[in-house]
């Protein structure tokens with residue numbers, strides 16, 4: 061397969077392309093104004109490109125026709141791409157890329173009492189952590205997986221729910237500020253990956269070692285690589301088990317680094 065053929069989207073979306081173009085333009089403009097380091101810019105662009113590849117190339121085709129490709133797609137959307145984007149702390153650059161009148165209105169909206177109350181509920185750390193885990197596990201229930209693969213609206217919702225909860229969780233975990241204003245204490249940020257990875261490891265192990273086909277929908281759709289169902293299923297379970305845990309471990313180490321830095325700042329003298 062040529063690179064051009066691979067990059068042609070399986071299901072083209074003008075809305076998705078517009079989202080990536082606007083985000084890229086804002087970040088390019090803001091990174092120059094905010095003087096973002098090359099390391100942070102590299103992390104942001106790597107994450108954004110991975111989001112695009114996972115959502116708007118032939119990867120989406122393979123994700124509909126092989127279980128292990130589906131798990132790889134969600135590994136990128138839920139773990140790798142959000143981790144890279146949030147490790148770049150893109151908020152300051154994206155705000156700087158907005159026109160000044162828009163920034164003024166955005167600050168005014170953020171200070172509104174209703175918006176602050178809504179943010180307090182929706183950005184609650186426990187809720188975000190639960191949604192982060194649930195957005196993986198719910199879609200792995202065989203009956204739910206079957207329906208989501210044959211209903212295109214539910215399929216889109218599945219992918220976007222994985223991406224959005226991933227962004228929220230890694231934003232929460234990689235916040236480099238003390239609490240408050242950070243919504244989660246530095247020590248809990250280090251502990252959080254241990255709690256969120258455990259149910260994902262268990263689910264991955266169950267899927268990998270189950271000796272019956274849990275997801276016959278991929279046979280109905282037609283397997284892209286012709287792998288036996290149990291082999292495909294075992295590889296998918298291992299992807300949930302090993303690479304996902306590894307990435308959460310990296311997130312925990314980054315959180316530990318921030319905790320160490322904050323502890324040194326708080327130390328007198």
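In this note's numbering, the protein residues as written are 61 to 329.
Positions of the beta carbon are idealized from the N, C-alpha and C atoms, including for glycine.
Contact between the stretch 210 to 228 and the stretch 140 to 152 is present, with at least three C-beta pairs closer than 8 Å. In the three-state DSSP reduction, residue 138 falls in the helix class (H, G or I). As for any alpha helix (DSSP H) of minimum length 4 sitting wholly inside the stretch 260 to 325, the runs are 277 to 281 and 289 to 301, ordered along the chain. Within the same chain, no Cβ atom closer than 6 Å to the Cβ of residue 241 is found once the five residues on either side in sequence are excluded. The DSSP-derived three-state label of residue 186 is helix. Looking from the CA of residue 316, the closest CA among 234, 301, 177 and 108 belongs to 234.
Contact between the stretch 250 to 261 and the stretch 205 to 225 is absent: fewer than three C-beta pairs spanning the two stretches fall below 8 Å. At the C-beta level, residue 157 and residue 90 come within 7 Å of one another. C-alpha of residue 132 to C-alpha of residue 239: approximately 34 Å in a straight line.
The beta carbon of residue 153 lies closer than 7 Å to those of 87, 90, 91, 94 and 96 in the same chain, with the five residues before and after it left out. Counting the other CB atoms within 10 Å of its CB gives residue 66 a total below 16, which places it among the exposed residues. Residue 197 and residue 137 have their C-alpha atoms some 14 Å from each other.
Residue burial annotation: residue 318 is buried, with at least 16 other C-beta atoms found within 10 angstroms of its C-beta.
Rounded to the nearest whole angstrom, the CA to CA distance from residue 280 to residue 149 is 42 Å. Nearest C-alpha to residue 271 among 304, 104, 282 and 293: 293. Residue 155 and residue 184 have their C-alpha atoms some 23 Å from each other. Boundaries of the alpha helix (DSSP H) harbouring residue 122: 119 to 123, taken from the DSSP string. Exposure of residue 173 is indicated by the presence of fewer than 16 other C-beta atoms within 10 angstroms of its C-beta. The DSSP assignment places complete alpha helix (DSSP H) segments of no fewer than 4 residues inside the stretch 215 to 269 at 246 to 269, in order along the chain.
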